Amino acid sequence: MKELEYLKKEYLKIQTPQYLNQEGWHEISQKLESQKRLANSPLFARGLTFAAVAVLFLGMVFTTLQAAKPGSLLYPVKIFSDDITALISGNYEGNIEKRAQDVINVQNSREDFDQAAEEYLKALEKSKQNAQKPEEKQQFKNTLEDQEQKLKNAQKENQPQNEKLKELINKTIEAKGEIEGVKKKMQNSNNHENENGNNGENGNPVRIRD
Amino acid sequence: MEDLSNLITRAQNGDKDAFGQIYSIFYQRIFRFCKFNTKQNATAQDICQETFFKAWKSLPSFSQKGGSFQAYLFKIARNLIIDMSRKKKEERLPDYFDVVSDEHVEEKVERDEKTAKVQQALAQLNEIDRQIVILHYFEDMTQIEVARVIGVKEGNIRVKTHRVLKKLKEIIGEE
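Just so you know, the protein sequences line up as chains A and B, in that order. In this text, residue positions in the first sequence follow our numbering: the first is 1, and each later residue adds one. In this text, residue positions in the second sequence follow our numbering: the first is 1001, and each later residue adds one.
Laid out in structure tokens, this is it:
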């Protein structure tokens, strides 16, 4: 094919720029050298080691914190770390579950139990304040129901802290009631509006589904 | 100059000077290939340099028994051109075909009519077919080497090359 031969001649005429002819290899050589230097650099090696140690250290701190029990020095740090996690993830119910578990775990020590109970109530309050949307309220209610059951089971098995546990259960029921109350109040108000002629598009009263 | 095979072995053992000699053997061809595909000097230069940098990094895994070194280099260059072309599509910069039609009028007049015709025909082929023409007819690579560069089975490349040539003739004939 003659036309291809013409184009091939043009292709072969393509000239390399002066820069490549003079500096091309030098540029690559320097790049390879600097990469080698970086890999062999004590600073780079130290940086890598430091990063590895830091990750290891943080991992150990996290594991130690998670194992901290009420009454220990690290327990307030654990609470703080859980609060930060909840703030970032927006999941406050997780803290209620953790604190309820703490309460159950330390029933045999009065002082530790008091600290755990106090933290449980705080977590309850924070979570209640953050449950604004209907789905969050539902989630909050479900969590409270689970904790109520857990605390009731613990109450059956534990006589010394019976009264305190009863108080926590009541607070849990109270918080649940508040959420339910808000929900019912909203439903009643909607029903009331419908009865007063605030109808749907087809003229029929709007039914509220539970 | 030393035998290419020895240079490769030395370079694989970390000898940078040997790789420097390999560079001087191939850089003009790699640049030419990049320039023809990208139509831009600066981009072709960058891709050419990056090709050798990547080639050095993956040199330990290159096997001389597994294929020719020029196929290995052109494959790296082709992949980089494809990557660049994808990025350019996102940035809406002119691609191969646009460049052909965007050339200065004066240059178009000056250029041999037949060359322009075949170049435009080439631009109408898909990327793989275009590379078959460039590598096999312009770079004089064997069909096996072309198959390695474009990632086609060696058994199919003969038929494919024949079809591409036929297609090219048809396009040129239509115009």
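A virtual CB, placed ideally from N, CA and C, is assigned to each residue, including glycine. Model, not experiment: these values are computed from the prediction.
- prompt: If we count Cβ pairs, one from each stretch, closer than 8 Å, do we get three or more for the region 21–28 of chain A versus the region 1023–1035 of chain B?
  reply: yes
A:G59 - DSSP class collapsed to helix/strand/coil: helix
task: Note down the Cα distance separating A:Q66 from B:D1017, rounded to an integer number of angstroms.
output: 56 Å
- request: Using three-state DSSP, classify B:T1115 as helix, strand or coil.
  value: helix
- prompt: For chain A, is any of its Cβ atoms less than 8 Å away from the one on B:E1002?
  reply: no
field: Inter-residue CB distance, A:K171 and A:L121 (contact presumed, cutoff 8 Å)
entry: 6 Å
Short-range partners of chain B found in the region 26–46 of chain A, where Cβ spacing is below 7 Å: E27, I28, S29, K31, L32
- prompt: Comparing alpha-carbon positions, which option in B:Q1131, B:I1030, B:T1161 lies nearest B:L1073?
  reply: B:I1030
task: Could you list which residues in chain B have their beta carbon closer than 7 Å to that of A:P17, in chain order?
output: N1041, Q1045
- prompt: Candidates B:K1117, B:D1003, B:L1135, B:F1053: which alpha carbon is nearest B:N1037's?
  reply: B:L1135
message: Given this structure, state the Cα-to-Cα distance separating A:Q149 from A:S109, to the nearest angstrom.
response: 22 Å
task: Quick one: using the 10 Å Cβ neighbour count with 16 as the cut-off for buried, is A:V61 buried or exposed?
output: exposed
Residue interval of the alpha helix (DSSP H) (run including B:D1015): Per DSSP, B:D1015 belongs to no alpha helix (DSSP H) and is neither H nor E.
message: Looking at B:T1051: is its Cβ nearer than 8 Å to the Cβ of B:I1082?
response: no
query: For a contact meaning CB atoms closer than 9 Å, what does B:T1115 contact in chain A?
result: E3, Y6, L7, K9, E10
message: Whole angstroms are fine: how far does the CA of A:A54 sit from the CA of A:F140?
response: 36 Å
message: Given this structure, state the Cα-to-Cα distance separating A:I217 from A:K176, to the nearest angstrom.
response: Outside the displayed range of chain A (1 to 210) lies residue 217 of chain A, so it cannot be described from this structure.
task: Starting from A:L224, find everything on chain B with Cβ-Cβ shorter than 9 Å and list it in chain order.
output: This structure gives no information on residue 224 of chain A, because the portion of chain A shown stretches from 1 to 210.
- request: Count the C-beta pairs between the region 42–53 of chain A and the region 91–99 of chain A that are closer than 8 Å, then say yes if the count reaches three, no if not.
  value: no
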